[in-house]
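Okay, so the sequence shown: first residue is 3 according to this note's numbering, each after it adds one.
As structure tokens, the structure follows; a few thoughts come after it.
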Amino acid sequence: MLARQTAAVLAVLAMVFAGSAMIAPGSDATGEDLTGYGQVNEINIGPGYSWTYTPTFPSDLTEFITVSLQVNDGNVGSVSGKTVTVNIPSNAAAGTKYNVVIQASMTSPVSQTAYQYVTFTVVNGLSVSGTINDIIKGSNINFTPVGTSDMGDVT
């Protein structure tokens, strides 16, 4: 009797986990296996920064294409027309990852769908430092700030 009850509980748990592994359009898929969406494009980005992308298509097909988000971790992404914008929260901790999968669909003259998978990794943003001497109105100053960032070169 105990063996049948255990088997029944395991079967129910298997169904629950199988259902939770499915990704619905626009869902938060943090930690999910997103390899089915192709090669990941990795972008390092600072807290409070945004990224904007407008895919381009052949001009004779543009009117038939819609752009949406298949995966949108933390609801950081939005679409306006065919432009995708990702806004990283200003309080996002370094090391936080957000997955966004952009979907471009066309239904006419043929039906097809393409995906672009992007992972945004939050890194330390820009930090600027430097020392400046007393400033006197009308006099020249020489000041060279130093900028550092985990996002790459700073000029």
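Beta carbons are placed, not taken as given, at the ideal position from N, Cα and C, and that holds for glycine.
Just so it is clear, the structure is predicted and the values come from calculations on it, not from any experiment.
field: Val-69 beta carbon less than 8 Å from that of Tyr-119
entry: no
message: Check for me: the beta strand (DSSP E) holding Leu-71 runs from which residue to which?
response: Membership of Leu-71 in the beta strand (DSSP E) is indicated by the continuous run 67 to 74.
field: Local Cβ density within 10 Å of Gly-83, reported as buried at 16 or more and exposed below that
entry: Exposed, by the Cβ-count rule.
message: Going by the DSSP bridge assignment, what does Asn-93 pair with across the sheet?
response: Asn-93 is bridged by DSSP to nothing; it lacks a bridge partner.
message: Helix, strand or coil, according to DSSP, for Tyr-51 in the structure here?
response: coil
- prompt: Between the region 92 to 104 and the region 131 to 142, are three or more C-beta pairs nearer than 8 Å?
  reply: No contact exists between the region 92 to 104 and the region 131 to 142.
- request: For Gly-38, name the three-state secondary structure that DSSP assigns.
  value: Here Gly-38 sits in helix by DSSP.
message: Helix, strand or coil for Arg-6? Go by DSSP, reduced to three states.
response: Any answer about Arg-6 is weak, because its pLDDT of 36 lies below 50 and its placement is not dependable; what the coordinates show is given next. It is helical.
task: Within its chain, find whatever has a CB closer than 6 Å to the CB of Thr-85; leave out the 5 residues flanking it on each side and keep chain order.
output: Thr-56
- prompt: Where does Asn-74 land, buried or exposed, given buried means 16+ other C-beta within 10 angstroms?
  reply: buried
query: In whole angstroms, what separates the C-alpha of Gly-38 from that of Ile-143?
result: 57 Å
- prompt: If you run the structure through DSSP and keep just helix, strand and coil, what is Asn-77?
  reply: In the structure shown, Asn-77 sits in a helix (DSSP, three-state: H, G or I).
- prompt: Secondary structure at Thr-58, three-state DSSP: helix, strand or coil?
  reply: coil
task: To the nearest angstrom, report how far apart Pro-146 and Asn-46 are at their CA atoms.
output: According to the sequence as given, residue 146 is Thr; it is not Pro. Distance between the alpha carbons of Thr-146 and Asn-46 is about 26 Å.
- request: Give the secondary structure of Thr-150 by DSSP, where H, G and I count as helix, E and B as strand, and everything else as coil.
  value: strand
message: Using a Cβ-Cβ cutoff of less than 6 Å, which residues in the same chain neighbour Gly-50 once the five nearest sequence positions on both sides are dropped?
response: Ser-92
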